[in-house]
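Colleague: Numbering (UniProt numbering), first residue to last: 1 to 133. Ideal Cβ placement from N, Cα and C applies to all residues, glycine included.
(1) Can you give me the C-alpha to C-alpha distance between residue 127 and residue 103, rounded to a whole angstrom?
(2) Label residue 107 either buried or exposed according to how many other C-beta atoms from any shown protein chain fall within 10 Å of its C-beta, with 16 as the threshold for buried.
(3) DSSP on residue 89, reduced to helix/strand/coil?
(4) DSSP three-state label for residue 109, please.
(5) If you run the structure through DSSP and keep just helix, strand and coil, what is residue 60?
(6) In angstroms with no decimal places, state the Cα-to-Cα distance between residue 88 and residue 122.
(7) Alpha carbon to alpha carbon, what distance is there between residue 36 and residue 146?
(8) What residue range does the beta strand (DSSP E) around residue 42 cover?
(9) Which value, in whole angstroms, describes the spacing of the CA atoms of residue 133 and residue 12?
(10) For the beta strand (DSSP E) that residue 124 lies in, which residues bound it at each end?
(11) By Cβ distance, which residues of its chain are closer than 6 Å to residue 81, with the 5 residues on each side in sequence left out?
(12) For residue 65 and residue 110, I'd like the C-alpha separation in whole angstroms.
(13) Do residue 4 and residue 27 count as a contact pair if the criterion is CB distance below 8 Å?
(14) For chain B, check one thing: does any of its Cβ atoms lie closer than 8 Å to the Cβ of residue 39?
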């Protein structure tokens, strides 16, 4: 199992996260018309052997919590932080030496043709240290 699939499995197994999005956690982009809220994740870069004599890989990961309101996006981002920030352990066959949230930023996309409420997003950047088997 890849590190990103293992993190997705950890999030789905978390009661708070799954209570908010179920299994709506997608790589790269959500399917068109996916109901909100949902999470999209994307690998920004990976450094193999980032530390001398270390078998861990450092991956920079971005998550986007997409919702219909600012409050929903914020609540979902907090659930992800509670589930992942500071995590050290094994999921499936992937060992995580540490998962750390680096930063957040918000984004709002106005509704098309002035209809509806638009989309609110909370972007988070993560450093993920892992070793897969």
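Modeller: In this structure, then:
(1) For the purposes of this step, residue 127 is identified with residue 127 of the chain shown, where counting begins at 1. For the purposes of this step, residue 103 is identified with residue 103 of the chain shown, where counting begins at 1. Computed Cα separation, rounded: 10 Å.
(2) To locate residue 107, count along the chain shown from 1; it is residue 107. With fewer than 16 other Cβ atoms within 10 Å, it is exposed.
(3) Reading the chain shown from its first residue, position 89 is the one you call residue 89. If DSSP states are grouped into helix, strand and coil, residue 89 belongs with the strands.
(4) Numbered from its first residue, the chain shown carries residue 109 at position 109. Residue state, collapsed to three classes: strand.
(5) By 1-based counting over the chain shown, the position of residue 60 is 60. Looking at residue 60 - three-state DSSP - the assignment turns out to be strand.
(6) Taking the chain shown and counting its residues from 1, the one referred to as residue 88 is at position 88. Taking the chain shown and counting its residues from 1, the one referred to as residue 122 is at position 122. Straight-line measurement puts the Cα of residue 122 at about 24 Å from the Cα of residue 88.
(7) The requested residue 146 does not occur in the structure, where the chain is confined to residues 1 to 133.
(8) Position 42 of the chain shown holds residue 42. Looking at the DSSP string, the run of the beta strand (DSSP E) that includes residue 42 is 38-47.
(9) The residue you call residue 133 lines up with position 133 of the chain shown. The residue you call residue 12 lines up with position 12 of the chain shown. Each residue's Cα considered, the two are about 22 Å apart.
(10) Here residue 124 refers to the residue found at position 124 when the chain shown is read from its first residue. Going by DSSP, residue 124 is part of the beta strand (DSSP E) stretching over 119-132.
(11) Translated into the one-based positions of the chain shown, residue 81 becomes position 81. Result list for residue 81: 101, in chain order.
(12) In the chain shown, the residue the question calls residue 65 occupies position 65. In the chain shown, the residue the question calls residue 110 occupies position 110. Their Cα atoms are separated by approximately 16 Å.
(13) Reading the chain shown from its first residue, position 27 is the one you call residue 27. Reading the chain shown from its first residue, position 4 is the one you call residue 4. It is a contact, given that the beta carbons lie within the stated cut-off.
(14) Here chain B cannot be found, since the structure has a single protein chain.
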